[in-house]
Every structure is written in C-alpha cells, then in structure tokens.
Amino acid sequence: MKINGVISSLKNIVTGVPQGSVLGPLLFISFINDLTELESCYLFSDDYLLIAGGKNPSLATANMENHISNESNWYQQNLLTMNSSKTNVMTISKDIEKPPNLNFQNQSFKQVDKIKYLGVFLDKNLNFKRHGSKMKQKLYPIITNFERSRKFLSQSLAAFWSKGLIRPNFEYCSPLLFCSTDRIKRNF
481 MKINGVISSL KNIVTGVPQG SVLGPLLFIS FINDLTELES CYLFSDDYLL IAGGKNPSLA
541 TANMENHISN ESNWYQQNLL TMNSSKTNVM TISKDIEKPP NLNFQNQSFK QVDKIKYLGV
601 FLDKNLNFKR HGSKMKQKLY PIITNFERSR KFLSQSLAAF WSKGLIRPNF EYCSPLLFCS
661 TDRIKRNF
C-alpha cells in the first residue's frame, strides 16, 4: 500500500482477516460462520449474542459459564482470544437480588443494566422506555423538518420522505417492541 509516497512493507497473515480490505467483511463472516453451531449463539454480521437461561440468576450464570467454556474452545481452535473488555453481560430477571459476577479463566465480564443490540435499546426489565425516548430524540428533528417543509413538497416527494425517513424507524423491530409489557407507543 502506498500513502503519501511511502510504501508499507508486506506482512503475511497467518490467521484472522485483514482489516480495511474490500473482501474483509465477507472473509470475516466465512471465518466465524461455524461459531453459530454452538448452542444459544446468535450472529448478525459482526454482532455476536450468547444467551443462557435458568430458574434463577445463579443458575443462568452457571449456564452462561458453560456456554462461554464451549465458545472458548472454538476460539482456541481458531487461534483467537476472547476480549472480555468488549463483552457485556446483562441479566434479565424478576429477582431483585444482584446477579452473580460472570468470570471465566481469570476474565471478568462487565455486568450492565442496559445495552444496545442491533439498534434496539434493551434493559434488564425489558420495558423499552429507553428505546422509546431514543427513538423520540432521533425522530423529533426529522418530523419537525418534515412538518415545516410539507407545504413545499409534492404528494409523491412527501410520501418518499415519509416512507424513507420516518416509517422505517417505527417499523424496525416493531413485533418485538409492540408485544412488550410496557408498550413503546405510550412514549409517543
């Protein structure tokens, strides 16, 4: 590669995927595709979700440690290391007791009360209030500009604006959001 007249030296890649390449995303997906064969593992592009359940937080934590052990074996076979600083754990439970810390091979994972996953803000109570307020914050300027500009727009351009900028935000994950116990539509 040549930048500002300086040519970088060549390096052999023994494992992993070269960053910044055109084929990088495709190679990455091919490289980690068999990770989904592990139990309770969900993969979307480069987002990875591991789920474990149990009758109480302690049992769920023990199940998660078992899943992480299986995941760790996959990492070792593929010459990768787990980055605990980029890993968050969220326990969803009706129990008010603090969930036990999740530790594996001297790695401690950060316990969080809320997380953003694939554009949806989730919290430990699954009430989606934070997601509703974030959507409101995101959509307010779009809708305000639409209302101001509406009288200058043709019918087809107004429909294009509405269908392209406003409607997708309401429809994204709507089955999940509108089936929750604390419906997001109360926030609008």
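Count the sequence shown with the numbering used here and you get residues 481 to 668, in order.
Yeah, the Cβ is synthetic: ideal placement off N, Cα and C, and Gly gets one too.
- Query: Is the CB-CB distance between M570 and Q587 below 9 Å?
  - Reply: For M570 and Q587, no; Cβs fall outside 9 Å.
- Task: Pull up the CB-CB distance for Q585 and S552, whole angstroms please, since I reckon it's below 8 Å.
- Result: At roughly 7 Å, the Cβ-Cβ gap stays under 8 Å, so Q585 and S552 are in contact.
- Tell me the start and end of each unbroken alpha helix (DSSP H) in the segment 551-575 that is at least 4 residues and wholly inside, in chain order. The segment 551-575 contains no whole alpha helix (DSSP H) run of 4 or more residues.
- Query: Whose C-beta lies closer than 6 Å to the C-beta of I531 among residues of the same chain, with five residues either side of it excluded?
  - Reply: Within the same chain, I531 has close Cβ partners S520.
- Quick one: residues in its chain with C-beta nearer than 8 Å to the C-beta of G485, no 5 flanking neighbours on either side, listed in chain order? Nothing listed; no residue qualifies.
- Message: Taking 8 Å as the limit between beta carbons, can you name the residues of its chain near M544, skipping five residues before and five after?
- Response: Excluding residues within five positions, the ones whose Cβ falls inside 8 Å are L530, A532, V569, L582.
- Query: Looking at C-alpha atoms only, which residue of F626, V502, F508 is the closest neighbour of F640?
  - Reply: Distance from the Cα of F640 is smallest, within the candidate group F626, V502, F508, for F626.
- Message: Ignoring anything shorter than 4 residues, give me the alpha helix (DSSP H) runs that lie fully in the segment 493-558, in order along the chain.
- Response: At a cut-off of 4 residues, the continuous stretches assigned as alpha helix (DSSP H) that sit fully inside the segment 493-558 are 504-512, 537-557.
- Query: Using CA coordinates, which residue listed in K491, Y522, L503, N536 is at the minimum distance from K574?
  - Reply: Minimum Cα distance to K574 is reached at N536.
- Query: For L506, which option in F650, S525, N492 has the closest C-alpha, if you only look at C-alpha atoms?
  - Reply: Between L506 and the set F650, S525, N492, the nearest pair of CA atoms involves S525.
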